Amino acid sequence: MLIIPGFLDFSLYTNRTLFLIGDFYIYNPPALEKCRKWQVLELRICVSGTKLVVGARSYNYQIMRGVMERRNNTILAIVITALVVGLATYFITRETLVGDRNLQAENEQLERQVDELSRRVEELDREIDENVEQQIPEATRTWNTYTNQQNGFSIRYPESWSVNTEANQGVVVISQNDQPRRTINVINDVAGASPTDLYNAISDPGERITDVRTLKTVNGSAIILTVQSPTKGVFQRVLIPADNQAIVIESVGDPDQLDQMIETFQFRS
Numbered sequence: 004m005l006i007i008p009g010f011l012d013f014s015l016y017t018n019r020t021l022f023l024i025g026d027f028y029i030y031n032p033p034a035l036e037k038c039r040k041w042q043v044l045e046l047r048i049c050v051s052g053t054k055l056v057v058g059a060r061s062y063n064y065q066i067m068r069g070v071m072e073r074r075n076n077t078i079l080a081i082v083i084t085a086l087v088v089g090l091a092t093y094f095i096t097r098e099t100l101v102g103d104r105n106l107q108a109e110n111e112q113l114e115r116q117v118d119e120l121s122r123r124v125e126e127l128d129r130e131i132d133e134n135v136e137q138q139i140p141e142a143t144r145t146w147n148t149y150t151n152q153q154n155g156f157s158i159r160y161p162e163s164w165s166v167n168t169e170a171n172q173g174v175v176v177i178s179q180n181d182q183p184r185r186t187i188n189v190i191n192d193v194a195g196a197s198p199t200d201l202y203n204a205i206s207d208p209g210e211r212i213t214d215v216r217t218l219k220t221v222n223g224s225a226i227i228l229t230v231q232s233p234t235k236g237v238f239q240r241v242l243i244p245a246d247n248q249a250i251v252i253e254s255v256g257d258p259d260q261l262d263q264m265i266e267t268f269q270f271r272s
């Protein structure tokens, strides 16, 4: 019999049998079936009545088997714990994936709603443009448009006319070969001024007013036309109050054409 230092395990091989118990190998002991009982004294082994004492305290085979069973139970607990952790991880991951899919579906639905709203806004813009175009009188539908971005208004004028914004500072001249002509001027800081105050501010000495009438109302502002008779031809002045400013259009020439231009006047936001 050969005893070799080893580690805690229990192994059995056929023919030339190798046992490993405690901290010792026991090489080629008698057949296992011949050993009715064996004990361990840290480590004590009984093989067919032959004893090998390696310690001072006796453990029987049943105790060793209990140790092995506890070891197996520990392994089983580890396996069960691993399974529980694995299942928990699976379900948490699954819920996360389901939540991500739901969030993606909500985002896609919102994108479809935004696209639908954008399409509807474009349709409304086209409808507004069509309605505005229909409201423009036929006689002025082909006219050009002058837009004053700084003061927020626009007005149409005959396509054969031209616009000169360099005549005087703040004055716009719309004319055809200089005559007849329309000039547009903007007076600022007029909040609270009455129409009479505005007339006095823009009128020249000696002018005689022959008619005052309201042409139309745009965004709550009255467009007031005054007709005067100076020494040269028919002179008309249009006064358009707007918040803290007043837009003044002066005209020499065809009064009907001026009325058509005033009908196209609009404030822009």
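Last residue of the sequence shown: number 272 in my numbering, and the count goes up by one each step with no gaps.
We put the beta carbon where it would ideally sit given N, CA and C, even for glycine.
Computed from a prediction, not measured in an experiment: that's the story for all the values here.
If you compare alpha carbons, which of 187, 126, 127 is closest to residue 156? 187
Pull up the distance between the alpha-carbon of residue 254 and that of residue 269, whole angstroms please. 18 Å
Are the Cβ atoms of residue 224 and residue 243 separated by less than 8 Å? yes
With a cut-off of 8 Å, does the C-beta of residue 87 fall near any C-beta of chain C? No chain C appears in the structure shown, which is made up of a single protein chain.
Counting only runs that start and end within the segment 148 to 211, where is the alpha helix (DSSP H) found for 4 or more residues in a row? 198 to 205
Under the rule that 16 or more other beta-carbon atoms within 10 Å means buried, what is residue 116, buried or exposed? exposed
Continuous beta strand (DSSP E) stretch holding residue 266: start and end: First-last for residue 266: 258 to 266, but that is the alpha helix (DSSP H), not the beta strand (DSSP E).
Just to confirm my understanding: we take residue 65, look at its own chain, exclude 5 residues before and 5 after, and list those with CB closer than 7 Å. What are they? In this predicted model, residue 65 has a pLDDT of only 44, less than 50, meaning its place in the structure is not dependable enough to derive any value.
Just mark residue 175 as buried or exposed, buried being the case when its beta carbon has 16 or more other beta carbons within 10 Å. buried
How should residue 194 be labelled, buried or exposed, when 16 other C-beta atoms within 10 angstroms of its C-beta is the threshold for buried? exposed
Taking 8 Å as the cut-off, decide whether the C-beta atoms of residue 216 and residue 264 are in contact. no
What does residue 243 pair with, by DSSP beta-bridge criteria? 250
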